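Residue numbers (the working numbering), protein chains in the order written: chain S, 54 to 306; chain W, 5 to 297; chain C, 53 to 402.
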């Protein structure tokens, strides 16, 4: 094992009112090159809650979360972005009156590092997701899929070691999803650990090396994508009996 | 001992009145997440309508008329001053400040109509009884009894009746409640009317004990807000408890230390709770704290 | 079929046509400087006109306009940048005034030092309110400013040793109605507006505006929301208090009547009427406040009622201020004004 785990969640509990969403949830993602984990689960299984807990947007009831060895539950929300953890939302949260460059540059300015040229770093991040030509466009005028890429660029501009993506393919067309898969695979190859909540099995197959499934507040499956799609537990509780594996063009890279 | 007993009795009455006002505040807050900053003015308006406008010869009937009028005014306030802004993207805090403006309007119109001189109001129950050397007015007992019935009744209604649950649903998530078919226009208007009725009830029953003057509106208003926060925002039983706490603290301070400082003390009490225990005694903190940063 | 590119971070999608490297710059402060020059020109023109006119009335009006610009700018900062209404600007203005008088009359300090003392006292009040209440919803901070206004109003009347009570306090060595003072005040007003103008483009300013737009998102990208909120309030109060010091240099006499809740509400109404433009909205707001102020001294009885009515109408139905009603959408785009924030019609809660 080389160094502390990228993400170590243990005994995490969270309930909303009377509903127990996470009960004694445990997940460990080692810090190894080329790592990406997809989290499957029905709506309401707690996938977004998990991300919100890790990024400290909501308080946890109990448990422990460390990111690269640093405890996170005692920290405020701004700690994550300032310590190498980037995050995207299910529905992109951008400043719609601002340009793409402005949105991404804001991420560069806010992550605590005072080294200069946020605009240059923003341009580079936009380039990395393939939006170099869109830097001057107003975010509010962009289609949904492009906005998601802008948000991804904003998460990238801080130079993250861990990326938490909440349903990155939701709302994307087939072509956009394909482009996104290529971007994510390249990010993974460049050394960033990926954790993504996702429903689209094509993206999962292309991007993820490891798949976990959440049900009833705990993990009920942990394996690779091929095993996931064949697993009776996953098929019964999530994919459905009639599920057919998507024909993949690129395969797990 | 006699003085202490007297102070305790007056605190109970004041606390009950504040508790009713806090309850009215809570009704509107539960349904629409809006603080009604005009509660003081509505309460006093109720008393003024009963006292200064001699509709009939009977104080009881006048009180009832005043309650109905103020209830109508509460609904009208929502429809005229808040409904359009709310449906056109106004933020909740903006709506709160609008209610503040409504309070000012009521206050100024009342001054123009009836002046700022204290008026006296005949109570419904005119008797007294003796307690530790203090003459305790029967009207006060009436106030407490009515308040107990109202609090209990509304508590039950909130949990057991359809309308009560609809109120809660609207407050929790307005958009979703509407998708499920709730008519938010009717329900919120109803809530404001109910709130106005409770405020007028507090005014018409309590103010005969102390005298009615429009100039005290802000004092009562702040006291009611403090009571609502201390008791836990959104909690009807807590409203009454909060009212008693505020009344006891400020009244006893006023009797034994310095009567001019009661307003300051109310703010101070509120401040202490907001800083150290924003959820109040029984309430839910999540409502009051913003996203963690 | 697309090929994924392993290894070093490289663009994996073809570049779309568009402005390439030229787009890698954020709008600069130089462009904003054009607006600064325009504002300076407005004040310079006003100063010249006043000097030529020569009457006391013109000078007083001009001086008031400058002071009101500072007062309105302080609330524009809090409301426009941090979405935080304040009901205490007039009281803080008063604190600055009384602190300045005390410093000059009793401690004998020169005016610039008194100015700093006044601004510092405003900043301190800001800290007092903002630090404890900033983690709660903005409703409570607004309540806190209301409490501050009420408490200070009472204090102004009762702390007679410090403030001279209801009878007020005479200002030592005040230069009533003199053009040099006017120039100083106009200079401060221009600086304040320019400051706000450039704040929008600065790193901190962008972060503050991001917090205003989406607080959760701001926290998730690393912004310290609470600290920014506190800072905005502190600076806003410092500005208002500093303006109060300048007020004492021109008024012969101050009394608690100058710093009432009504006055604070009028500032709020004026800021909203003026509109959300940082430069022209502030100036329009100052003009609106001048009108409200003049009206209140001539019709004292009706002014509170009028203010209540205006509060309801302006906040509820004119959130964009006068510019929202008077300026059609096409012109707004031409003038690079931000789009209307409130959509035409939507259901509550959505």
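Ideal Cβ positions, reconstructed from N, Cα and C, are used throughout, including at glycine.
Being a predicted model, the structure only gives us computed values, none of them experimental.
ask   = By Cβ distance, which residues of its chain are closer than 6 Å to residue 331 of chain C, with the 5 residues on each side in sequence left out?
value = 87, 91, 245, 249
key: At least 3 beta-carbon pairs within less than 8 Å: the segment 102–119 of chain S vs the segment 57–66 of chain S   = yes
message = Under DSSP, the alpha helix (DSSP H) around residue 318 of chain C begins and ends at which residues?
response = 313–326
request  = Evaluate residue 191 of chain C with the Cβ neighbour count: other Cβ atoms within 10 Å of its Cβ, from every protein chain shown; 16 or more gives buried, anything less gives exposed.
outcome  = buried
ask   = Whose C-beta lies closer than 8 Å to the C-beta of residue 69 of chain W among residues of the same chain, with five residues either side of it excluded?
value = 53, 54, 59, 60
message = Residues of chain W with CB closer than 9 Å to the CB of residue 322 of chain C, please, in chain order.
response = Within chain W, no residue comes near residue 322 of chain C; the closest Cβ sits about 14 Å away, beyond 9 Å.
inquiry  = Considering only their Cβ atoms, is the gap separating residue 177 of chain C from residue 200 of chain C smaller than 8 Å?
reply    = yes
ask   = What is the rounded straight-line gap between the Cα of residue 222 of chain W and the Cα of residue 168 of chain W?
value = 30 Å
message = To the nearest angstrom, how far is the alpha carbon of residue 213 of chain S from that of residue 255 of chain W?
response = 58 Å
task = Below 7 Å between beta carbons is the criterion; list the residues of the segment 181–201 of chain C that meet it against any residue of chain W, in chain order.
result = 184, 185, 187, 188, 189, 190, 191, 192, 194, 199
key: Beta-carbon spacing of residue 274 of chain S, residue 286 of chain S below 8 Å   = yes
query = Could you give the residue range of the beta strand (DSSP E) that holds residue 263 of chain S?
reply = 263–268
request  = Give every residue of the same chain whose Cβ lies closer than 7 Å to the Cβ of residue 41 of chain W, excluding the five residues on either side of it in the sequence, and list them in chain order.
outcome  = 100, 103, 104, 107, 225
task = Measure from the C-beta of residue 132 of chain C to each C-beta in chain S and report whether the shortest distance is under 8 Å.
result = no
ask   = Mind pulling the chain C residues with CB within less than 8 Å of residue 20 of chain W?
value = Under the 8 Å cutoff, chain C gives no residues; its nearest Cβ is about 24 Å from residue 20 of chain W.
ask   = Hey, is residue 89 of chain S's beta-carbon within less than 8 Å of any beta-carbon in chain C?
value = no
query = What do you reckon, are the CB atoms on residue 124 of chain C and residue 284 of chain C nearer than 8 Å?
reply = no
ask   = Any beta-carbon of chain S closer than 8 Å to the one on residue 78 of chain C?
value = yes
request  = Please name the residues in the segment 270–283 of chain C whose beta-carbon is closer than 9 Å to at least one beta-carbon of chain S, in chain order.
outcome  = 270, 271, 272, 273, 274, 275, 276, 277, 278
query = For chain W, is any of its Cβ atoms less than 8 Å away from the one on residue 146 of chain C?
reply = no
Exposure of residue 299 of chain C, with buried meaning 16 or more beta-carbon neighbours within 10 Å = buried
inquiry  = I'd like to know whether the C-beta atoms of residue 279 of chain C and residue 126 of chain C end up nearer to each other than 8 Å.
reply    = no
task = Report the rounded CA-to-CA distance for residue 156 of chain C versus residue 149 of chain C, giving the unit in angstroms.
result = 11 Å
task = Answer with yes or no whether the minimum CB distance from residue 403 of chain C to chain W is below 8 Å.
result = Summary: the structure shown does not reach residue 403 of chain C, with chain C confined to residues 53 through 402, and so no result is reported for it.
key: Rounded separation between residue 58 of chain S and residue 195 of chain S - CA only   = 37 Å
Residue span of the beta strand (DSSP E) that contains residue 118 of chain S, given as start and end = 115–120
request  = Could you name the residues of the same chain whose beta carbon sits closer than 8 Å to that of residue 187 of chain C, not counting the 5 residues immediately before and after it, in chain order?
outcome  = 278
task = Say whether chain C places a C-beta atom closer than 8 Å to the C-beta of residue 14 of chain W.
result = no
message = For residue 307 of chain S and residue 201 of chain S, which I take to be in contact (beta-carbon distance under 8 Å), what is that distance rounded to the nearest angstrom?
response = Nothing about residue 307 of chain S can be read from this structure; chain S reaches only from 54 to 306.
request  = Taking the CB atoms as reference points, tell me whether residue 171 of chain C and residue 294 of chain C lie closer together than 8 Å.
outcome  = yes
query = If you pair each beta-carbon of the segment 214–230 of chain S with each one of the segment 135–143 of chain S, do three or more pairs fall below 8 Å?
reply = yes
key: Limits of the beta strand (DSSP E) - the one that residue 275 of chain S falls within   = 271–276
task = Please classify residue 95 of chain W: does DSSP put it in a helix, a strand, or coil?
result = coil
task = Determine the DSSP secondary structure at residue 103 of chain W, reduced to helix, strand or coil.
result = helix
ask   = So, does the CB of residue 255 of chain C fall closer than 8 Å to a CB anywhere in chain S?
value = yes
ask   = Can you tell me whether DSSP reads residue 248 of chain S as helix, strand or coil?
value = strand
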